[in-house]
Every structure is written in structure tokens, then in C-alpha cells.
Amino acid sequence: MNLNDLARFAELDKSNMRAHIDSLPQQLEAAWAHGQTLSLPAQYKRVERLVIAAMGDAAVAGEVLTALVADMCNLPIVVNRSYELPAFADGQSTLVILICHDGNTEEVLHAAELADARGTKLLAITQGGKLASYVENAGGVVWGYTCAGPQRAAFGWLVGLLTALVVRMGLVRDLAADVAETVELMQRHVGILGIESPVVKNPAKRLAGQMIGRIPIIYGSGITLPVAKRWKMQLNNNGKTVAQYEEMPDLDYNVVAGTAYPKPLMVKVALVFLVAAQADHARVSQRWNATREAYLQEGLASDTVKARGSSKLAQMMSSVQFGDYVSYYVAMAYEVDPTDTPLITEIQEKIKQES
Numbered sequence: 000m001n002l003n004d005l006a007r008f009a010e011l012d013k014s015n016m017r018a019h020i021d022s023l024p025q026q027l028e029a030a031w032a033h034g035q036t037l038s039l040p041a042q043y044k045r046v047e048r049l050v051i052a053a054m055g056d057a058a059v060a061g062e063v064l065t066a067l068v069a070d071m072c073n074l075p076i077v078v079n080r081s082y083e084l085p086a087f088a089d090g091q092s093t094l095v096i097l098i099c100h101d102g103n104t105e106e107v108l109h110a111a112e113l114a115d116a117r118g119t120k121l122l123a124i125t126q127g128g129k130l131a132s133y134v135e136n137a138g139g140v141v142w143g144y145t146c147a148g149p150q151r152a153a154f155g156w157l158v159g160l161l162t163a164l165v166v167r168m169g170l171v172r173d174l175a176a177d178v179a180e181t182v183e184l185m186q187r188h189v190g191i192l193g194i195e196s197p198v199v200k201n202p203a204k205r206l207a208g209q210m211i212g213r214i215p216i217i218y219g220s221g222i223t224l225p226v227a228k229r230w231k232m233q234l235n236n237n238g239k240t241v242a243q244y245e246e247m248p249d250l251d252y253n254v255v256a257g258t259a260y261p262k263p264l265m266v267k268v269a270l271v272f273l274v275a276a277q278a279d280h281a282r283v284s285q286r287w288n289a290t291r292e293a294y295l296q297e298g299l300a301s302d303t304v305k306a307r308g309s310s311k312l313a314q315m316m317s318s319v320q321f322g323d324y325v326s327y328y329v330a331m332a333y334e335v336d337p338t339d340t341p342l343i344t345e346i347q348e349k350i351k352q353e354s
């Protein structure tokens with residue numbers, strides 16, 4: 000498909016996913032501001048650990064937060080993708096943050112019930128649903144927001160509210176300047192990566208074109224690892240394509256060995272390295288180079304996407320933005336609706352019927 004055919008984009012994108020991707024900077028800005036106004040009781044600042052209970056892109060938003068504050072926050076923050084909670088999530092010294100866009104994801108609801116039974120502090124980030132009702136009735140705090148579309152389309156809201164929360168809890172320094180830099184950078188990138196920008200000037204369209212007919216594998220390290228997960232999920236959900244992610248430096252001890260077989264498949268792999276502006280460790284930069292060279296010797300080319308911005312938040316969120324656009328253009332190239340996910344809906348409905 001011609002990735003400059005905007006009329007065809009409009010035909011395929013029936014629910015206007017493009018608008019959600021374009022609005023990522025505005026979402027982050029609005030969420031940060033909204034988070035300064037929401038209720039936060041004083042006792043919520045007196046905790047020893049945070050557990051973020053979430054699924055899918057909401058869990059990745061939690062991992063973006065943990066990467067963002069890793070060198071600032073002295074409390075452990077754990078992202079929990081499960082019906083259950085770890086044993087240490089117990090009592091008033093634990094804050095369980097429950098994130099669910101529509102408020103009806105069963106894993107998060109079960110985690111809420113378990114956290115309540117264990118006497119933890121509860122805070123829900125949601126648009127409503129059963130989760131909001133449950134947490135309110137349990138005496139917890141609900142941070143509500145409004146954003147149309149599926150959960151993955153509200154990523155800026157989730158990251159922005161989480162960032163505001165840890166700042167207001169006093170766990171990290173004020174991040175207002177980081178948010179401002181991130182918003183300004185992403186707003187500029189809309190003009191470069193958006194649909195009106197032609198293929199010849201649009202790196203997201205060009206990278207998407209290289210993924211067609213191939214299996215994307217996204218590599219990340221440190222602050223780009225949760226971004227790699229987000230790319231993978233967006234390629235799955237928006238692009239309806241198989242995609243995976245891997246973690247540097249761990250991949251140098253296993254993944255790189257798996258380049259021999261099956262031979263017909265290896266030529267169908269699209270490798271993308273997501274590299275931070277400043278590596279989390281000097282040796283990681285050396286590993287990126289060594290791994291790239293080793294792959295070339297095996298006949299495997301890779302693309303490198305280097306994060307932009309000064310702050311960690313700017314680097315992560317602008318890289319998320321790049322990946323969101325790539326996934327959108329993959330959907331357009333395959334001529335599928337980026338919003339529609341019928342198989343996910345089918346599985347969730349079947350699970351409900353069997354409960």
C-alpha cells in the first residue's frame with residue numbers, strides 16, 4: 000500500500016486511532032495537570048512499597064514509571080500482571096495502585112479484592128466501571144480521567160497520572176520541567192511522524208515499510224526496555240502482526256545464539272534496536288555495537304532508533320510515540336483497522352461465559 004494515500008487511511012481507520020496517537024503529547028500534559036488536582040490523603044504518603052496491578056499497556060505504563068524513577072525513588076515499585084498479589088503486598092505500609100481503563104478487567108478486579116482483604120491502601124486509576132465502585136466502597140482513592148478509545152490509546156493519561164502521583168507522594172523530585180520538555184518534543188514530532196508527512200521525510204513510515212512481510216523483534220535496555228514492550232504490543236494490537244521484544248544485555252547470553260534456524264525464517268526478521276541517548280551503563284553502548292556487528296556477519300541487518308530528548312521521560316515517551324506511529328503505518332500497509340481486535344474480544348467473551 001502507498002503510505003502517502005491519506006484517503007485510504009481514512010477508509011481503514013474507522014475509529015480514528017490516528018487521532019489518539021497524534022494526541023499523545025496533549026494527553027501527557029493534561030494528565031500531569033489533572034494529577035495535581037486529585038485527592039491524595041496524607042496517609043497515602045506514608046508507605047514502604049508500591050504495587051502496580053495492571054494488564055497490557057497499563058502495566059507497561061507502570062514499567063515506564065519504574066524506569067523513570069529508578070535512580071530517584073528509594074521505595075520498591077513492583078508491576079504485577081496477575082490475578083494474585085505477592086505476599087509482601089500486605090497491610091497499610093503497601094499502596095496497591097490498580098490501573099484499568101474501563102474498570103472491568105477481571106485480573107485487576109481480583110487483585111483489588113485481594114489487596115482490600117489484606118488491608119493495603121488502594122488507589123485506582125480508571126475511567127470508572129466496577130473498579131471505581133469497588134475502590135470507593137472499600138474506602139480507597141479513585142483517580143478518574145476521560146479518554147475515548149481502547150486502553151492503549153490512553154497511554155499518555157496513564158503515564159502522566161502515575162508520574163503526578165509519585166511526585167505528590169514526595170517519592171521523587173518535581174518532574175514538571177521533564178513533563179514540559181517531553182510535551183514540547185512530542186508536539187514537534189507529530190509534524191515529522193504524522194500522516195501528512197510523506198514517506199521520503201517520515202522515518203516512521205519508512206521503518207514500517209521495512210517491517211512488512213517480516214517479524215519485528217524490538218530490542219531495549221534500561222529506560223528503553225518498557226518502550227520495546229510498548230512497541231511490541233502496539234504492533235500486535237494495531238498492526239495485527241507477530242512481534243517480540245528482547246532485553247539488552249541479557250540477550251547477548253541467549254538470543255544471539257538463535258540466528259541459525261530455521262533459515263527461511265531468519266530472512267523474515269526485522270530487528271530494531273531502541274537506544275537511549277545515554278546508555279544505562281557504558282558497557283551497554285559497547286554491547287549494542289558488538290551485537291549489531293555480529294548480526295551483520297550472520298547476514299542480519301538491524302535498524303537503530305535513538306531516543307531523543309534530555310530527560311528520561313522525554314526519551315521514553317518520544318520513543319513510545321515513534322513506535323505508535325510505526326504500528327499505525329504497519330496497519331495501513333496491511334490494510335487493517337488499527338483499533339479493531341476481534342480475537343481479544345472473542346477470548347474475553349468466552350472467559351466471561353465460562354465464569
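Per numbering that gives the first Met the number 0: the sequence shown = residues 0 to 354. Yeah, the Cβ is synthetic: ideal placement off N, Cα and C, and Gly gets one too.
Going by DSSP, what residues sit across from residue i in a beta bridge?
| i | result |
| --- | --- |
| Leu-273 | Val-304 |
| Gln-42 | Note: Gln-42 sits in no beta bridge, so no partner. |
| Trp-142 | Ile-124 |
| Tyr-252 | Bridge partners of Tyr-252: none, in fact. |
| Asn-79 | Ala-52 |
| Ile-216 | Gln-243, Leu-270 |
| Leu-94 | Leu-49, Lys-120 |
| Cys-99 | Thr-125 |
Out of the options, point me to the one whose CA is closest to residue i's CA.
| i | options | result |
| --- | --- | --- |
| Val-178 | Ala-30, Asn-3, Val-335, Ile-350 | Ala-30 |
| Leu-39 | Ala-207, Ile-343, Val-325, Leu-121 | Leu-121 |
| Ile-356 | Asp-249, Gly-61, Gln-352, Pro-248 | The chain is shown from 0 up to 354; residue 356 falls before or after that span and cannot be answered. |
| Arg-45 | Leu-74, Leu-250, Val-325 | Leu-74 |
| Met-54 | Lys-351, Tyr-294, Gly-102, Ala-176 | Gly-102 |
| Val-335 | Leu-270, Thr-240, Ala-176 | Thr-240 |
| Arg-286 | Glu-297, Val-274, Gln-296 | Val-274 |
| Val-68 | Leu-312, Val-319, Ala-153 | Leu-312 |
| Gly-357 | Tyr-43, Lys-267, Ala-116 | The structure shown does not extend to residue 357, since the chain is modelled only from 0 to 354, so the question has no answer here. |
| Phe-272 | Tyr-260, Tyr-252, Leu-206 | Leu-206 |
| Tyr-82 | Ser-318, Ala-114, Ala-242 | Ala-114 |
| Gly-190 | Ile-20, Gly-208, Leu-342 | Ile-20 |
| Ser-284 | Arg-307, Gly-221, Ala-269 | Gly-221 |
| Thr-145 | Lys-262, Thr-93, Pro-248, Leu-27 | Leu-27 |
| Ser-92 | Val-50, Pro-261, Ile-343 | Val-50 |
| His-355 | Gly-127, Tyr-324, Leu-84, Gly-90 | Not covered by the structure: residue 355. The range shown for the chain is 0 to 354. |
| His-188 | Asn-253, Asp-323, Asp-302 | Asp-323 |
| Met-210 | Lys-231, Glu-195, Ile-194, Ser-196 | Lys-231 |
| Ala-293 | Ala-259, Ala-276, Asp-89 | Ala-259 |
| Arg-307 | Ala-278, Gly-34, Asp-251 | Ala-278 |
Could you tell me if residue i is buried or exposed, where buried requires 16 or more neighbouring beta carbons within 10 angstroms of its beta carbon?
| i | result |
| --- | --- |
| Met-71 | exposed |
| Asn-288 | exposed |
| Ala-300 | exposed |
| Lys-305 | exposed |
| Arg-17 | buried |
| Glu-348 | exposed |
| Cys-107 | It is worth fixing the name first, because residue 107 is Val in this sequence and not Cys. Classification for Val-107: buried. |
| Asn-201 | buried |
| Thr-104 | buried |
| Asp-249 | exposed |
| Thr-344 | exposed |
| Ile-346 | exposed |
| Asn-253 | exposed |
| Thr-303 | exposed |
| Ile-350 | exposed |
Does the distance from the CB of residue i to the CB of residue j come in under 7 Å?
| i | j | result |
| --- | --- | --- |
| Leu-174 | Thr-162 | yes |
| Val-63 | Met-315 | yes |
| Ala-57 | Leu-157 | yes |
| Leu-192 | Ser-326 | no |
| Tyr-244 | Ile-214 | no |
| Ala-123 | Ala-131 | yes |
| Glu-246 | Leu-270 | no |
| Val-198 | Leu-2 | yes |
| Arg-229 | Val-95 | no |
| Met-168 | Ser-317 | no |
| Leu-295 | Gly-155 | no |
| Met-0 | Ala-332 | yes |
| Asn-79 | Ala-52 | yes |
With a cut-off of 8 Å on the beta carbons, I'd call residue i and residue j a contact; round off their distance for me.
| i | j | result |
| --- | --- | --- |
| His-100 | Gln-25 | Actually they are not in contact, since the Cβ atoms of His-100 and Gln-25 sit about 17 Å apart, beyond 8 Å. |
| Arg-48 | Phe-87 | 7 Å |
| Tyr-133 | Ala-147 | Not confirmed; about 23 Å, so no contact. |
| Phe-321 | Ala-203 | 6 Å |
| Gly-238 | Val-329 | 4 Å |
| Ser-310 | Glu-183 | Contact flag wrong, Cβ pair sits at about 11 Å. |
| Asp-12 | Pro-337 | 6 Å |
| Thr-125 | Val-141 | 7 Å |
| Gly-139 | Arg-117 | Not really, about 13 Å apart at Cβ, beyond 8 Å. |
| Gly-298 | Leu-164 | 47 Å between Cβ atoms; not a contact. |
| Gly-143 | Gly-127 | 7 Å |
Measuring only from the beta carbon, is residue i closer than 6 Å to any heavy atom that is part of the ligand ATP?
| i | result |
| --- | --- |
| Ala-313 | As presented, the structure is devoid of all ligands, the ligand ATP included, so that no description of it is given. |
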